[in-house]
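Residue numbers (my numbering), protein chains in the order written: chain A, 20 to 222; chain B, 20 to 222; chain C, 20 to 222; chain D, 20 to 222.
For every residue, glycine included, the Cβ atom is placed at its ideal position computed from N, Cα and C.
What follows is one structure encoded as structure tokens, with my remarks underneath.
4 protein chains.
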Amino acid sequence: MKDSLEQFGQDTKSRIFLTAAELFSTHGYERVSIRQICEAVGVGKPTLYYYFKDKETLLEELIDFSRQLGEKLLEEFVESQTQYLERFYGIIKTQQAFVKRYPNFVRFFIVLNIFSLPERIRQKVVAIQQERFNFVRTFFLQGQEQGMVPAELDVDLLTTSFLGTVNLMIVLEIFHPEWQVFSDKKMQDLFNLWKDRILNQNS
Amino acid sequence: MKDSLEQFGQDTKSRIFLTAAELFSTHGYERVSIRQICEAVGVGKPTLYYYFKDKETLLEELIDFSRQLGEKLLEEFVESQTQYLERFYGIIKTQQAFVKRYPNFVRFFIVLNIFSLPERIRQKVVAIQQERFNFVRTFFLQGQEQGMVPAELDVDLLTTSFLGTVNLMIVLEIFHPEWQVFSDKKMQDLFNLWKDRILNQNS
Amino acid sequence: MKDSLEQFGQDTKSRIFLTAAELFSTHGYERVSIRQICEAVGVGKPTLYYYFKDKETLLEELIDFSRQLGEKLLEEFVESQTQYLERFYGIIKTQQAFVKRYPNFVRFFIVLNIFSLPERIRQKVVAIQQERFNFVRTFFLQGQEQGMVPAELDVDLLTTSFLGTVNLMIVLEIFHPEWQVFSDKKMQDLFNLWKDRILNQNS
Amino acid sequence: MKDSLEQFGQDTKSRIFLTAAELFSTHGYERVSIRQICEAVGVGKPTLYYYFKDKETLLEELIDFSRQLGEKLLEEFVESQTQYLERFYGIIKTQQAFVKRYPNFVRFFIVLNIFSLPERIRQKVVAIQQERFNFVRTFFLQGQEQGMVPAELDVDLLTTSFLGTVNLMIVLEIFHPEWQVFSDKKMQDLFNLWKDRILNQNS
DNA sequence: AATGAATGAGGATTCATTCAT
DNA sequence: AATGAATGAATCCTCATTCAT
């Protein structure tokens, strides 16, 4: 579908792809018309339909693509680590990298969270969120098994707290980029808060 | 406009109001057409326009109303408390009460967070979020002054963590009501996590 | 219907009347909505319908009223004169007086000339124009009988020339009031042109 | 856009164009709905919007086109003449030719004169009228310089008289085609009236 | 791989008008 | 003499989509 990330962005299909991501993330799925996308790309509407069955499919492929990006980053920052806390820090760095490298796609993905979407897509998005939730949840669960996370803390609560915090940070980054929510310092602070206070064994 | 909350919901305007809140929060602002609202209420389109200048204004009044509801709850649960930790618990209870009492409006309000919205409205929503952020931020700041909150913690981080957690809980409540995210027990867990680990002085 | 012109303009009906004349003449019949009229007058829509059966009737009464105004002026300036050339000058003065005294109604009436109108009204307006045409035509015909107008000139041509000139002057007055098309001097010039050159016997 | 006048009227755009001219001139701009035009042409509404941005733009292009027609005729009948009186006669013939060749567009154009129009268009029409006024005015001015027009006559008055007469003739032609206002004979009469009486040097 | 032209369905909004009070 | 509330029909316009080329 899109070969490799390197040579991405040259051909017509990629240009439609990127433009759609940008427009959707800026104005929302409903507010962006096929015409707008085509005009921004500089092609006729039938061209878009040549590459994508319909608007919904375009959105779907965009979602799949975003997820792939996310997974690549997870591998890079988390899977490569072996120590528990370092893996935890990797998760945080993954978010930061996502925001810095693919701002449009992050934006796009966040916008999807609650969005007004075709039902089929809606479910897909919910499934992805679920997956993300479970990933983190499992991570904390393993932490408890390994004695790295206090056993008395509810895993769901931890997961909700962590993901909620990160989500809001992304939203803040989108609406207040000048706050520099994803600076290295803030990442350290976040990490320390969890390491020293929440994940720490002595209460 | 809506006199008292008690006798609310009888007249045509209120019915339009409530129906719109429900539909917007379920399908999103863009996806709900004036016709849908009118059909659901059982009136003609001009009737809606008799009460609301246009779709955007309807949305705006809905937002203002939601905020008023929120403020009433804050008074009830927070302003009435004098002890710092009790006030903190009050903030948590406010969220719970919001979700339980006005599920439609909460849903509606959360959906607005990221939504595709007319620009003017968008700014209004951002302003409200800002206000909410500042309210919590100020609360933690006062906590530091009173020695109730560790001075070495970054107030912005605390605020983001708290609000992010609560936001995600609301989202979860909306999409997974069976998880009972707002049960009294979960509220207690959340409170304890903050009291014992985050706000606690011994690091 | 409207008693006398003196005490005109006080009651609700008169206010609707005058406001409608002003709005119609400024924006055209189609472009003015019942709502606009009512808002400008400061009454509710049913009030307007209490006085006028419908929008079309309001327009019709306005037309009848305008014609009455015109006839009153004709009496004043023409019927009172006995000499042919003085009567001719009276016709010119009538136009001037119309423009000066009832600018809204002149405007209104001119706007009707070609306007997009309900068919029934359209015919009425055409009939009035016809009447006006015939009035002037008859005047020139009498002039020829009395030897005051050269017999070799075509009466229709004279009528068309005279009315066309006056009509255009009114249009110019509406769109370029600063040109002072209806100054006494210009009226004199117009009169002299006709007296010395067109109506004069020596060719 | 419309290439040459010869092969005009075949394609969809031309058909929309001509139909709109006819309908606007018959019922007025406001009274003709997009739907009516489309039905008369036999296409769907989006097709019209494919060719014309909106109703206003359609009207505007119609106006521009009409003016072009007029200018072509002016060239044909006036610019080709060298003698002053022949040029004057050419101006008259131009009007006649306009009426005979493009009755729909004349009708359309005259109807614009007073019409209820969007403000932007209104100004455009006024500008065109102004231009037309100036053209004739300049013509008489040159006549005075060349000694062909009595110096003591006011140029504005002459212009108003001439254009007013012609305008009314066009209106009469529209509403009373049976009067044959634009017969060759009537044109001659008009020309003679001006030549012998108004433009003539002996007062 | 891309286009110009066309479509049916639906969008928000406003119209003149009327009912019960 | 006047009003608040309601209506059906119409307005302009845009949507996602497709055909033949």
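Annotation: THR101/B is outside any alpha helix (DSSP H) and is labelled neither H nor E by DSSP. Identification of residues in the stretch 49–62 of chain B having a C-beta nearer than 7 Å to some C-beta of chain A yields GLU49, ARG50, given in sequence order.
Judged by beta-carbon spacing, TYR48/B lies within the 9 Å limit of VAL130/B, meaning their Cβ atoms are closer than that value. Among the residues facing chain A, LYS32/B is not included, as its CB has no counterpart in that chain under 9 Å away. Around ALA170/D, the same chain offers GLN163 as residues with beta carbons nearer than 6 Å, after the five sequence neighbours per side are excluded.
The C-beta distance from PHE71/A to GLU58/A rounds to 16 Å, too long to fall under 8 Å, and the pair is not in contact. Among the residues of the stretch 94–113 of chain B, none has a Cβ less than 8 Å away from any Cβ of chain A. Between the beta-carbon of PHE152/A and that of THR178/A there is about 6 Å, and that keeps the pair under the 8 Å contact cut. Contact between SER44/A and ASN123/A holds, with the beta-carbon distance rounding to 6 Å and staying under 8 Å.
In the DSSP assignment, SER33/A falls within the unbroken alpha helix (DSSP H) covering 31–46. The stretch 184–198 of chain C makes no contact with the stretch 141–151 of chain C: fewer than 3 CB pairs, one atom from each, lie closer than 8 Å.
Within the stretch 69–95 of chain C, no residue has a Cβ lying closer than 9 Å to any Cβ of chain D. For ASN219/B, the closest C-alpha among the options GLU41/B, LEU104/B, LEU182/B is that of LEU104/B. Ranking PHE107/C, VAL97/C, LEU37/C by CA distance to the CA of GLN207/C puts PHE107/C first. The beta carbons of SER85/B and PHE154/B sit no closer together than 9 Å.
Under the Cβ criterion of 9 Å, VAL200/B is counted among the residues facing chain A.
Residue nearest to ILE110/C within the set GLY63/C, ILE217/C, PHE158/C, LEU88/C is PHE158/C (criterion: CA-CA distance). Taken through DSSP and simplified to helix, strand or coil, VAL51/B comes out as coil.
TYR121/A sits in coil when the DSSP states are folded into three classes, being neither helix nor strand. Using a Cβ-Cβ cut-off of 9 Å, LEU160/D does not count as an interface residue toward chain C, since no Cβ of chain C sits closer than that to its own.
Contact of ASN153/B with chain A is not assigned, every C-beta pair being separated by 9 Å or more. Residue-level contact check: MET188/D touches chain C, since one or more beta carbons of chain C fall below 9 Å from its beta carbon. In this structure, the beta-carbon distance from VAL51/A to ILE35/A does not fall below 9 Å.
In this structure, the alpha-carbon of LEU172/B lies about 8 Å from that of LEU212/A.
With a threshold of 16 other beta carbon atoms within 10 Å, GLN115/A meets it and is buried.
Taking a contact as a CB-CB distance under 8 Å, the pair LEU42/D and GLN55/D counts as one, their CB atoms being some 6 Å apart. The beta carbon of LYS205/B sits closer than 9 Å to some beta carbon of chain A.
Taking 9 Å as the cut-off, the Cβ atoms of VAL174/C and LEU191/C do not count as close. A Cβ-Cβ contact shorter than 9 Å links LEU67/C with ILE53/C. Among the CB atoms of chain D, none fall inside 9 Å of the CB of PHE127/C. Under the DSSP assignment, GLU90/D falls in the alpha helix (DSSP H) whose first and last residues are 74–93.
Not one beta carbon of chain C lies nearer than 9 Å to the beta carbon of ARG156/D.
In the DSSP annotation of this structure, the continuous segment of the alpha helix (DSSP H) that includes VAL155/D starts and ends at 138–164.
Taking 9 Å as the cut-off, the Cβ atoms of ARG120/D and LEU92/D count as close. With a 10 Å radius around the Cβ and a threshold of 16 neighbouring Cβ atoms, SER99/B comes out exposed.
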